[in-house]
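Residue numbers (our numbering): 5 to 345. We treat Cβ as the ideally placed atom computed from N, Cα and C, and that holds for glycine. One structure is given below, encoded as structure tokens.
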Amino acid sequence: MDSPSVADTTSSSIWTVHPDIMETHVFKHLDASALASASCASSQLYALASDETLWTDISNSTWPSTNTPGIRQLISSFPKGTRSFFSDSFTNPDVSITTPSSSPVNLDCPSRLISAVDIFYQQRHVFGKVVETEPLNFDSSPFRIDVLDPKDSVPTRIPHPVDEQMMCEFGERFTLSWILIDPIRRRAMNLSSYKPVIVERRWMSTEEVHMRYAWVFCAEPGEEGSATEYVKFGISVTWEGCQSGEMHVSKVSLNLEDMYGNQLTGRESLAIIQKGLASRRGKVKGRESEGKRRYEEYMEMRRERILSEVSKQPERVDKLRVAFFLFIFASLGLLLFRRLF
Numbered sequence: 005m006d007s008p009s010v011a012d013t014t015s016s017s018i019w020t021v022h023p024d025i026m027e028t029h030v031f032k033h034l035d036a037s038a039l040a041s042a043s044c045a046s047s048q049l050y051a052l053a054s055d056e057t058l059w060t061d062i063s064n065s066t067w068p069s070t071n072t073p074g075i076r077q078l079i080s081s082f083p084k085g086t087r088s089f090f091s092d093s094f095t096n097p098d099v100s101i102t103t104p105s106s107s108p109v110n111l112d113c114p115s116r117l118i119s120a121v122d123i124f125y126q127q128r129h130v131f132g133k134v135v136e137t138e139p140l141n142f143d144s145s146p147f148r149i150d151v152l153d154p155k156d157s158v159p160t161r162i163p164h165p166v167d168e169q170m171m172c173e174f175g176e177r178f179t180l181s182w183i184l185i186d187p188i189r190r191r192a193m194n195l196s197s198y199k200p201v202i203v204e205r206r207w208m209s210t211e212e213v214h215m216r217y218a219w220v221f222c223a224e225p226g227e228e229g230s231a232t233e234y235v236k237f238g239i240s241v242t243w244e245g246c247q248s249g250e251m252h253v254s255k256v257s258l259n260l261e262d263m264y265g266n267q268l269t270g271r272e273s274l275a276i277i278q279k280g281l282a283s284r285r286g287k288v289k290g291r292e293s294e295g296k297r298r299y300e301e302y303m304e305m306r307r308e309r310i311l312s313e314v315s316k317q318p319e320r321v322d323k324l325r326v327a328f329f330l331f332i333f334a335s336l337g338l339l340l341f342r343r344l345f
């Protein structure tokens with residue numbers, strides 16, 4: 005008699021355990037990556053690992069701002085519920101990732117956007133907020149989303165950095181997530197580099213610390229030289245010191261910049277946002293280092309383009325001078341001709 009295979013033995017040993025016990029004592033303690041891997045092992049595990057409650061718990065612990073009735077209801081309407089939302093939002097959009105069988109996407113601009121923003125300090129949640137934006141209000145004006153009103157500030161228990169050494173370590177302790185949601189098409193994407201790409205004191209005030217997060221998106225692949233070939237989603241966070249020695253969040257905002265550092269208009273931004281929402285997602289591994297690498301490459305490309313434009317200015321001035329003198333010479337010649345004849 006043939007002995008049972010390893011796969012059969014493993015499968016049998018797993019299913020001797022009641023599914024409720026598997027869910028409560030095993031799957032509930034897995035992170036998203038482990039849960040997704042388990043779902044690929046067999047059809048039975050896929051059914052257990054696809055439980056909406058499991059993914060809702062993971063989503064809420066990863067992004068506490070999504071744990072509100074309105075957002076939970078919206079996420080549940082995604083094609084595969086919270087699992088689809090998590091897959092969209094856990095990594096960044098990357099339009100360079102394509103498949104030959106990709107179907108055409110509808111790039112109509114979204115009429116409504118929802119931002120879910122979370123900030124963590126040493127893995128402790130210190131800020132979370134959800135804001136809704138009507139993009140059509142921007143149109144030809146610069147696109148910008150402000151999470152806080154100008155007079156608002158949110159207290160935290162984070163100590164103010166008192167010296168340069170603390171400033172150097174400050175940025176490594178923070179992570180930020182900015183999820184942009186299209187509630188009509190049920191798509192979402194994360195626009196943050198997770199770790200700040202720049203941490204600096206405001207030169208006019210030693211009490212303010214400014215952090216910048218960024219994700220560089222290839223908006224027009226193949227369009228080399230275009231101003232929007234690469235676009236930077238820039239997130240700015242301002243922290244203010246107070247008398248107690250703690251930091252308050254005073255400003256959190258998002259905008260888009262082209263290859264020359266120009267802020268994009270609402271119409272331009274919305275077209276690019278829709279491309280990002282419809283694109284594939286990048287890898288989970290190394291996403292923080294990838295965000296900083298893209299930002300540094302973008303800044304170098306931007307510097308080179310600006311220098312190239314500046315170097316062309318003398319040539320343009322010379323051409324204008326030649327054209328001007330030719331115009332003067334032709335005008336004098338015409339005047340002389342009329343007087344003679």
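Where residue 78 sits in the DSSP three-state scheme: helix
Buried/exposed call for residue 251, threshold 16 Cβ in 10 Å: Result: buried.
Residue closest to residue 195, alpha-carbon to alpha-carbon, out of 308, 267, 187, 235: 235
Between the CA atoms of residue 116 and residue 153 - distance to the nearest angstrom: 19 Å
Residue 146 beta carbon less than 8 Å from that of residue 259: yes
Alpha carbon of residue 130 to alpha carbon of residue 270, nearest angstrom: 30 Å
Segment contact flag, the segment 161-177 with the segment 208-222, C-beta cutoff 8 Å, min 3 pairs: yes
Distance between residue 284 and residue 105 (C-alpha atoms, nearest Å): Below a pLDDT of 50, predicted positions are generally treated as unreliable, and residue 105, at 39, falls in that range; the measurement from the model is reported next regardless. Distance between the alpha carbons of residue 105 and residue 284 is about 13 Å.
Candidates 119, 179, 302, of which the one nearest residue 135 by Cα: 119
Alpha carbon of residue 162 to alpha carbon of residue 126, nearest angstrom: 10 Å
As assigned by DSSP and simplified to three states, the class of residue 222: strand
Straight-line Cα distance separating residue 272 from residue 144: 8 Å
Buried versus exposed, by CB contacts within 10 Å (16 or more), residue 192: buried
Distance, residue 149 Cα to residue 137 Cα: 7 Å
Boundaries (first-last residue) of the beta strand (DSSP E) holding residue 244: Looking at the DSSP string, the run of the beta strand (DSSP E) that includes residue 244 is 234-245.
Cβ neighbours of residue 310 in the same chain (closer than 7 Å, five flanking residues each side left out): 264
Three-state secondary structure assigned by DSSP to residue 251: strand
Counterpart residues of residue 135 in DSSP-defined beta bridges: 119
Close-in-space but distant-in-sequence residues of the same chain around residue 188 (CB under 7 Å, 5 per side omitted): 114, 115, 116
Span of the alpha helix (DSSP H) around residue 192: Premise fails: residue 192 lies in the beta strand (DSSP E), 191-194, not in any alpha helix (DSSP H).
Residue 284, enclosing alpha helix (DSSP H) - first and last residue: Here residue 284 belongs to no alpha helix (DSSP H), and DSSP marks it neither H nor E.
Backbone CA spacing between residue 84 and residue 56 [nearest angstrom]: 9 Å
Contacting residues, own chain, Cβ-Cβ under 8 Å from residue 288 (five flanking each side not counted): Closer than 8 Å at Cβ, skipping near neighbours: 37, 94, 95.
Residue 92 - containing beta strand (DSSP E), residue span: Careful: residue 92 lies outside any beta strand (DSSP E), inside the alpha helix (DSSP H) at 86-93.
Strand pairing of residue 72, partner residues [DSSP]: Under DSSP, residue 72 shares a beta bridge with no residue.
Cut-off 6 Å between Cβ atoms - residues of its own chain near residue 62, not counting five sequence neighbours on either side: 36
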